[in-house]
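Participant: Heads up, the sequence shown is in UniProt numbering, so the first residue is 1 and it goes up one at a time.
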Amino acid sequence: MRISTPQIQQTGVNALLDQQGRLSKVQEQLATGRRILNPSDDPSGSARALELAKSVETIERYNRNIDFAESRMRVEEGVLEQVGNSITRIRELAVQANNATTGDDGRQKIGAEIRERLDQLVQLANSTDGDGEYLFAGSQSREKPFVREGDKIVYQGDQTSRFAQVGPGRQIATTHSGYETFMAIFNGDGEYATSAADANSGSGIISGVDVVDASQTPDAPYTIEFADNGGGGLDYTVTDNSGGTAASGTYEAGTPIQFDGLSVTVEGTPDGTTGSEDTFTVAPSSRQSLFETVGRFADALENARDGAAANAEFLNIGNRTLEDLDQAQSNILQVRTELGGRLNALDSEKQANETAVLELKTTRSEIEDLDYASAVSDLSLRLTGLQAAQRSFSQIQGLSLFQFL
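1) Give the DSSP-derived three-state secondary structure of L135 in the structure shown.
2) Does the region 320-336 come into contact with the region 84-101, if we say contact requires no fewer than three beta-carbon pairs (one atom in each stretch) closer than 8 Å?
3) Measuring only between beta-carbons, confirm whether G132 sits less than 9 Å from chain B.
4) Are the beta-carbon atoms belonging to I153 and I114 less than 9 Å from one another?
5) By a C-beta neighbour count over all protein chains shown, 10 Å radius and 16 as the cutoff for buried, is Q327 buried or exposed?
6) What distance in whole Å lies between the Cβ atoms of A196 and N316, which are believed to be in contact at a cut-off of 8 Å?
7) May I ask you to report which of helix, strand or coil DSSP gives Y372?
8) Should E267 be counted as a contact of the ligand MN given a C-beta to heavy atom distance under 8 Å?
9) Kindly indicate the opening and closing residues of the alpha helix (DSSP H) around F291.
10) From the DSSP output, in three-state form, read off R287 for me.
11) Count the other C-beta atoms from every protein chain shown that fall within 10 angstroms of the C-beta of A47, then say buried if there are 16 or more, exposed otherwise.
12) Given A173, which residues of its chain have a CB within under 6 Å of its CB, disregarding the five upstream and five downstream residues?
13) Where does A100 land, buried or exposed, given buried means 16+ other C-beta within 10 angstroms?
14) Between which two residues does the beta strand (DSSP E) holding K152 run?
15) For E292, which of D324, A309, V209, G275 has the nearest alpha-carbon?
16) Which residue comes first and which comes last in the beta strand (DSSP E) that contains E149?
17) Could you name the residues of the same chain whose beta carbon sits closer than 7 Å to that of M73, not counting the 5 residues immediately before and after it, in chain order?
18) Since G167 is in the beta strand (DSSP E), which residue starts that stretch and which ends it?
19) Can you find the residues in the same chain that come closer than 6 Å, C-beta to C-beta, to L234, ignoring five residues on each side of it along the sequence?
20) Within the chosen definition, does the region 288-305 reach the region 227-247 through at least 3 CB pairs nearer than 8 Å?
21) Is the beta carbon of G190 less than 9 Å from the beta carbon of S263?
22) Out of N98, F280, E60, state which residue places its alpha-carbon closest to the alpha-carbon of L358.
23) Looking at the unbroken alpha helix (DSSP H) that takes in G249, where does it start and where does it end?
24) Who are the Cβ neighbours of L290 in its own chain at under 7 Å, not counting the five residues just before and after it?
25) For Q216, which of helix, strand or coil comes out of DSSP?
26) I'd like to know whether the C-beta atoms of A246 and D219 end up nearer to each other than 9 Å.
27) Which term fits Q159, buried or exposed, when burial requires 16 or more other beta carbons within 10 angstroms of its beta carbon?
28) Return the Cβ separation of E267 and I224 in integer angstroms, given the expectation that the two are a contact with Cβ distance under 8 Å.
29) Using beta-carbon positions only, say whether V79 and L346 come within less than 9 Å of one another.
If you want it as structure tokens, here you go:
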């Protein structure tokens, strides 16, 4: 078979180009540190590396969500700490106001400070995060959750918590609604609450409720009514929710009145005059906002006046306020405890995510990154091949029949 000179030249050129291409690829691999430069280099490995890269991107997005959620929760934690401090101060003032040595002027001054504390609580409840979103508005984070309507503080948010996706199939609530934090607080001791009728004209002061026999089933609410017994003393009658008499007897100030496993104590002298008998109520605890608790006590302080009956009215409100404040503080503590648990969960989830990212990146590196020792050896081999091709091409180019004539 005859091979023409152009064929010989083209074959030599093709060999040179092939060796140069191989050498260039190894050089690029060394420059980039990657074994796979194009999907065609390793189709299955390239597809797997792309899948791993997407997984890393997803988990890193989860970690960004965690950072945002943690930042929001830290702000909420700081706000709740201030709320707790304010409740503590209000309780201190309530104890001071309930002291018998504190006169009407002193109570009115205390009322002025408590009114300021109420304004502070509303301001804290309307706190925002770093993005200007209200912390306690539920899902309506762009609307102020608490507004004044007359002498009331009204909640305009909802009861929904916002969630952040922090891992595959894992969401964590990043907020507490204003309803659960400030509005839905059980009054009294959390089970029962006592109160005096507004029309009472005596000096009777009722205590909180003690459960003395938990095996009994109370039929609350109960009404305790006092009446003159005709002998210079007072009798009491405890009526249950069904209208039946739960207990009755002769009143002795400071002696517990027991009925259906419950016990209360009344101090002072209730009015038992026929037609204007003093009454007290023992009812199951109901939900009451922190703002209502503080506002009602501020009203009582500002309207403080002289007289045994007026003082008893104030002390009944004051004693109830102390219980209500304790419940509010307990509720804030519970929310903060939940918040701490969520922060711990975020920390654990972030650590798990970072471990997963490290493992994914290691696997991806094993697939697409270069083995430098092997690549350097390959570079030397390709360079030798190119040099051999160049030398052979040069020698073949020098051959001619004219040299033999």
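Here a beta-carbon is modelled for each residue, glycine too, at the ideal position from N, C-alpha and C.
Since this is a predicted model, take the numbers as computed values, not measurements.
Facilitator: Straight from the coordinates:
1) coil
2) yes
3) Absent here is chain B; the protein component of the structure consists of one chain.
4) no
5) buried
6) 4 Å
7) Unreliable positioning characterises Y372 in this predicted model, as indicated by a pLDDT of 48, which lies under 50. The coordinate reading is nonetheless provided below. Correct three-state label for Y372: helix.
8) Inclusion of the ligand MN in the displayed structure is not the case, the ligand content being empty and no account of it being possible.
9) 290-302
10) strand
11) exposed
12) S161, F163
13) exposed
14) 152-155
15) D324
16) 146-149
17) T174, L339, R342, L343
18) 163-167
19) F226, Y251, G272
20) no
21) no
22) E60
23) Unbroken run through G249 is the beta strand (DSSP E), 245-250; no alpha helix (DSSP H).
24) L121, F182, I185, A328
25) coil
26) yes
27) exposed
28) The pair is not a contact, with the Cβ atoms about 13 Å apart (cut-off 8 Å).
29) no
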